[in-house]
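Note sheet for the following structure.
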Amino acid sequence: MGAVKTKRMPRAVREQQMLDAAVLTFGQRGYMAASMDEIAELAGVSKPLVYLYLNSKEDLFTACIRREGQALTEAVRAGVDPRSPADRQLWDGLRAFFSHTAQHPDGWSVLHLQARTHGEPFAAEVAAMRAELVAFVTELIAVTAREAHRDPDLAEREVAGLAEALVGAAESLAAWSNATPGVSARQTAATLMNFAWAGLGNLVEGRPWSPPAGTEDRS
Numbered sequence: 004m005g006a007v008k009t010k011r012m013p014r015a016v017r018e019q020q021m022l023d024a025a026v027l028t029f030g031q032r033g034y035m036a037a038s039m040d041e042i043a044e045l046a047g048v049s050k051p052l053v054y055l056y057l058n059s060k061e062d063l064f065t066a067c068i069r070r071e072g073q074a075l076t077e078a079v080r081a082g083v084d085p086r087s088p089a090d091r092q093l094w095d096g097l098r099a100f101f102s103h104t105a106q107h108p109d110g111w112s113v114l115h116l117q118a119r120t121h122g123e124p125f126a127a128e129v130a131a132m133r134a135e136l137v138a139f140v141t142e143l144i145a146v147t148a149r150e151a152h153r154d155p156d157l158a159e160r161e162v163a164g165l166a167e168a169l170v171g172a173a174e175s176l177a178a179w180s181n182a183t184p185g186v187s188a189r190q191t192a193a194t195l196m197n198f199a200w201a202g203l204g205n206l207v208e209g210r211p212w213s214p215p216a217g218t219e220d221r222s
């Protein structure tokens with residue numbers, strides 16, 4: 004293999020080029036199988052330059068997780084207009100989520116598969132990103148629901164768990180849709196919307212489901 008020739012460019016641009024190559028390699032080959040030689044060659048730089056910029060394979064992988072996680076959360080936030088009705092906000096947020104994960108399958112693989120299976124500190128980075136998404140969804144549902152029937156304690160009692168469940172379902176569906184040919188982001192968002200909104204819509208209107216009378220809580 005001949006020496007890698009690099010053109011002069013700003014450090015920030017070069018670093019993003021390395022991260023692009025790393026996300027593709029980690030996403031397709033997995034963290035353990037990916038090599039720094041492979042990433043450097045794909046980025047069109049020397050391996051020493053990768054180490055100079057990003058220190059180690061662990062630090063490079065962490066940088067990939069942070070970049071991809073930030074891009075996903077920003078895409079979801081940007082997709083939602085807080086002036087829209089509650090169901091439109093949820094629909095737009097789901098479409099933004101599934102569109103982003105479909106357009107960046109390697110980034111989603113890094114976040115959803117690779118980072119979670121290789122322990123700390125990688126899993127903690129993903130957990131922080133996920134917590135931000137859950138908090139956003141919680142607030143999205145809670146504000147509308149509290150306004151609908153003026154219950155200031157609703158978010159604490161009901162919405163936090165629903166938001167957690169909704170994000171978990173979205174994660175699973177994103178992995179499924181990316182692996183299933185012919186399934187669009189719009190179709191995936193509609194699937195989850197149809198599954199979730201019957202319950203969320205009732206909650207917003209102050210009509211939550213309750214266990215049948217006479218049943219005991221044995222938990």
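With the sequence shown counted from 1, adding 3 to any position gets you my numbering.
Backbone N, C-alpha and C define an ideal beta-carbon position, used for all residues, glycine too.
Source: prediction; values computed, not measured.
Check	Outcome
Counted within 10 angstroms of its Cβ, other Cβ atoms place residue 55 as buried (16 or more) or exposed	exposed
Distance between beta carbons of residue 47 and residue 113, contact taken as under 8 Å	At roughly 21 Å, the Cβ-Cβ gap does not stay under 8 Å, so residue 113 and residue 47 are not in contact.
Contacting residues, own chain, Cβ-Cβ under 8 Å from residue 243 (five flanking each side not counted)	No answer is possible for residue 243: the residues shown for the chain start at 4 and end at 222.
Distance between beta carbons of residue 105 and residue 181, contact taken as under 8 Å	6 Å
Where the alpha helix (DSSP H) containing residue 43 begins and where it ends	39 to 46
Distance CB(residue 173)-CB(residue 97) smaller than 8 Å	yes
Residue 83 in three-state terms, based on DSSP	coil
For residue 76 and residue 169, believed in contact at Cβ under 8 Å, the rounded distance	About 15 Å; that fails the 8 Å criterion.
Distance between beta carbons of residue 34 and residue 121, contact taken as under 8 Å	5 Å
Straight-line Cα distance separating residue 163 from residue 188	25 Å
Proximity test, residue 63 beta-carbon vs the ligand NAP heavy atom, cut-off 7 Å	Annotation note on the ligand NAP: not contained in the displayed structure, which lists no ligands.
Collapsed DSSP secondary structure at residue 49 in the structure displayed	coil
Three-way DSSP call (helix, strand, coil) for residue 22 in this model	helix
Alpha-carbon spacing of residue 74 relative to residue 176, whole angstroms	19 Å
Alpha-carbon spacing of residue 87 relative to residue 63, whole angstroms	39 Å
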